[in-house]
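Below is one structure, written out as structure tokens; the observations come after it.
In the numbering used here, the protein residues as written are 595 to 1603.
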């Protein structure tokens, strides 16, 4: 994020102020300077308030930001324009306040804009949505923004001293490490789900194991006491269950077969005896019925004689029936013939009338022929009658339009002549513009080069001055080192190694006596006297240590100065001294201005020519269009005249409507005539068809009548012949005999039924006698009791077998499920074991007790510390390095920061640093953090940084180092703003934002030095 402009209304001491950060151009580092209380920090507050609705520190609330001198009815408004990832945004935030005379608070407002096609377009207008939009846009909240972008008073070192949990919140947002926590959670949930599924399988395994049937077998009961989770043992004994079940089943099947055989034998004996008893009963019954049937034999013989007499007269009865039917048909045909004669007579009369009407209608055909000729000749004109109506109407309109077009053509010719006069043959001179542009481009390049030479010369002179200062300082340090070396040499170093050994020597002296062997050298001790001056040794040792420490410090300073001198030499070598003298660009700027004016003159003339030529083209196009319209109207008018003349000559009418009326009347008369003619002809044809059909039907009836009369004669002859054969002399005898024919069917049925029953009884009696031959009847009750006993025994064994088979089937199903469950358990446990271990490791169950996200955050923190140490080492003369405290504990541990002191060669707590050292560490850490974030491209653009105070705690040399560090950020293109009262900063930083205070109001001004 890079600030562009900041407008403040009634905000702190600023009643109506605009700060334009475009002044911060190549001079990326600038100083915000002013008296205490002038409102320097309020600039930071305004930026944070515009973005997040908060101040730059937690101590100040929104109500504290409003100016006490603002008019009571005017709101506090901050408008902040900034650039982010090559996009421009503007935020306008109005604070809530209570207007004078009102009880209720006027609510705050927020508007977020984005630049689109050189104009700002509104993106959000509600505070909640706008805050969320800004947060997502920047990628940080207010707290994180304070840590990364703005380092205000009191919060400069918070990130350095914050706890692991606080660092975690900042780092996880910056590096989007939540995804690793999500991975861990998802994996844990998956493992939990898999463990649940496995436990369900174990539960199902236990249920199936408990459900297994033991068949009351001691071995199986003992095996079933095995814990089902011991799957290997379960698999070993499952076969025993199968074998035992099969053995019991085979035994029961064998018993069932034996009982079934006995049951079948008892059933056969019972059924055979019952069948014999039933056969004897049937034989007695049939013999009794047969004897009763024979009592009707004489009656049946008499009825047989009567039936034979009836059969003799049957043919003549049939002939008499046929003769009666023929007489009935003959009478019916005669009636039909008479009806047909009447219909034929009526049809002949109707045909005669229709023919007479047709002749009368045809006599009117002459008039109809004239109408047909008229219709045929004018049919096409009638179909296009609407076109001819339009032709009459358009003819007059075209004549009027033609005259108007001619007038417009005359006017267009005059306009074209005027444009040609103004052009006077001129054409745009683009080549001249290109030449002038090329000249301007070259001149601007020369001006840019000369201005850059001017800036380079200024920077070159500053480097020379700084080089001289560092060289003088280096000579001073060399003299100090020489003096320290000589002082170090002058100190007596005799027995200096006995320092801090006084207690040891005293202890040895008290432990030995004269004449003893020395425990150190092994010689005999002759005397024990106090001959060493330990106070002198201690004093000399302290002097040497102080000199050595001071020499090391001075040597370190000299190394740093020499490093800076080498850096300055490298920077000086980059400059071309000849170019630095070429800085006069005023004459070139005047020439650029003249060429620019010349270019504008040529462009204006070219624009005028282009406009005239475009106008000429438009007028020529309009002229040609008018000419085309004129020719089109002439052609259309001629076509209309031809069409009208053709219509009048052919139809004989000048009025289209009158022609249409006559045409339609003639057409109606023709249609009416044709319709009547067709109806008459159709009627005649229909009558003739009906007459032919009726005549044909009458002929058919005449033929049928002749055939029936002949059949009647033939039947009469047959009746006479049959009477002679039988012996009848007249028809009365025949009719008397025929009346008895009704009894024939009854007699036949009775005789047939008697004969069938007689034959059936005789056959059945014979068969039954054959069945009982050589057989003896036994006691049926005894045989029934024996059968029921065998059946009961068979049902008992069958029930036992069925129950056992059900148990076997049930066991087989359970055993199959148990084997399947165990197989799946072994497969899943083998497959998921590594996943379980991975989930535990990622959840923190490892040697370091780190979660996956915490491990990632530690990785990023170590990178940040490594980047920060590059600057901290330089600023502290290679003394301090930031390190991560190693500590094994659950949670977000491992993010605490300690400092390693090279002088003591050990780490210590970060809070043990002095104020200046803490500032150096905080600055180095903040810069390291921002650089790592940009390297990772975590979606956060750190294009600017603001620092409030902290420099007052630094000595001159440390201040120089810190400033050099901030100046080095210039090469990265980052804007760095500093608030400070330190006067040395004004000398080092060329661009200053001066905050001036006049009573209750403050103003700002950018100044270059």
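Ideal Cβ placement from N, Cα and C applies to all residues, glycine included.
Report task. Taking only the alpha-carbon atoms, compute the straight-line gap between residue 891 and residue 1303 and give it to the nearest angstrom. Result -> 51 Å
Query raised in the report: In its own chain, which residues sit with a C-beta less than 7 Å from the C-beta of residue 1068, not counting the 5 before and 5 after it?
Result: 1152, 1155, 1156 and 1159
Query raised in the report: DSSP state of residue 1023, grouped into three classes?
Result: coil
Query - Validate contact between the segment 860–871 and the segment 833–840 using beta carbons, cut 8 Å, 3 pairs - result: no
Requested in this report: Using 10 angstroms around the beta-carbon of residue 821, count the other beta-carbons present and answer buried if the total reaches 16, otherwise exposed.
Outcome: exposed
Report task. Spatial neighbours of residue 1395 within its chain, please: CB distance less than 6 Å, with the 5 preceding and 5 following residues excluded, ordered by chain position. Result -> 846 and 850
Query raised in the report: Mapping DSSP to helix, strand and coil, what is residue 1268?
Result: helix
Requested in this report: Give the secondary structure of residue 1594 by DSSP, where H, G and I count as helix, E and B as strand, and everything else as coil.
Outcome: coil
Query raised in the report: How do the segment 1471–1479 and the segment 1493–1507 stand: do at least 3 beta-carbon pairs fall below 8 Å, yes or no?
Result: yes
Query raised in the report: Which of helix, strand or coil does DSSP assign to residue 734?
Result: coil
Report task. Can you check the segment 632–673 for any alpha helix (DSSP H) of at least 4 residues that lies completely inside it and give the ranges in chain order? Result -> 634–646
Query raised in the report: Do you know how far the Cα of residue 1453 is from the Cα of residue 1440?
Result: 17 Å
Query raised in the report: Given a threshold of 16 other Cβ atoms within 10 Å of its Cβ, counted over all protein chains shown, does residue 1049 qualify as buried or as exposed?
Result: exposed
Query raised in the report: Given a threshold of 16 other Cβ atoms within 10 Å of its Cβ, counted over all protein chains shown, does residue 628 qualify as buried or as exposed?
Result: buried
Requested in this report: Using alpha carbons as the reference points, say which of 1229, 801, 791 and 1263 lies closest to residue 960.
Outcome: 1263
Query raised in the report: What residue from 1520, 981, 1426 and 1041 has the CA that sits closest to residue 1254's CA?
Result: 981
Query raised in the report: When we look at the beta-carbon of residue 1300 and count the other beta-carbons within 10 Å, is it buried (16 or more) or exposed?
Result: exposed
Report task. Examine the Cβ distances between the segment 1448–1467 and the segment 776–785 and report whether three or more of them are shorter than 8 Å. Result -> no
Requested in this report: Out of 1412, 975 and 672, state which residue places its alpha-carbon closest to the alpha-carbon of residue 1668.
Outcome: Outside the displayed span of the chain (595 to 1603) sits residue 1668, for which this structure offers no information.
Query raised in the report: Anyone know if the C-beta pair for residue 655 and residue 674 falls short of 9 Å?
Result: no
Requested in this report: Look at the Cβ atom of residue 1214, then the Cβ atom of residue 1010, and state whether they are nearer than 9 Å.
Outcome: yes
Report task. Tell me whether residue 608 sits in a helix, a strand or coil according to DSSP, three-state version. Result -> strand
Requested in this report: Measure the C-alpha to C-alpha separation of residue 1015 and residue 1206 and round it to an integer number of angstroms.
Outcome: 10 Å
Query raised in the report: When DSSP labels each residue in this structure, what does residue 1369 get in the three-state scheme?
Result: coil
Query raised in the report: With a CB to CB cut of under 7 Å and the five nearest residues on each side skipped, what residues in its chain are close to residue 1223?
Result: 999
Report task. Below 6 Å CB to CB, which residues in the same chain sit around residue 1306 once its five sequence neighbours on both sides are set aside? Result -> 920
Requested in this report: Find the nearest neighbour of residue 969 within the set 1261, 842 and 1340, judged by alpha-carbon distance.
Outcome: 1261
Requested in this report: Report all residues from its chain with a CB closer than 7 Å to the CB of residue 602; omit the five preceding and five following residues, and keep chain order.
Outcome: 608, 611, 640 and 672
Report task. Compute the distance between the beta-carbons of residue 945 and residue 1285, then report whether it is under 9 Å. Result -> yes
Query - Stretch pair the segment 1418–1435 + the segment 728–743: three plus CB contacts closer than 8 Å - result: no
Requested in this report: Compute the distance between the beta-carbons of residue 727 and residue 1540, then report whether it is under 9 Å.
Outcome: no
**Report entry** Proximity test, residue 1176 beta-carbon vs the ligand NAP heavy atom, cut-off 8 Å
**Finding:** In the structure on display, the ligand NAP does not appear, and there are no ligands present to speak of.
Query raised in the report: Given 8 Å as the limit, is there contact between the segment 1310–1329 and the segment 909–917, that is, 3 or more CB pairs closer than that?
Result: yes
Query raised in the report: In or out: residue 1035 buried (at least 16 other Cβ within 10 Å) or exposed?
Result: exposed
Requested in this report: Kindly indicate the opening and closing residues of the alpha helix (DSSP H) around residue 1398.
Outcome: 1374–1436
Query raised in the report: residue 1472 by DSSP, collapsed to three states: which one?
Result: coil
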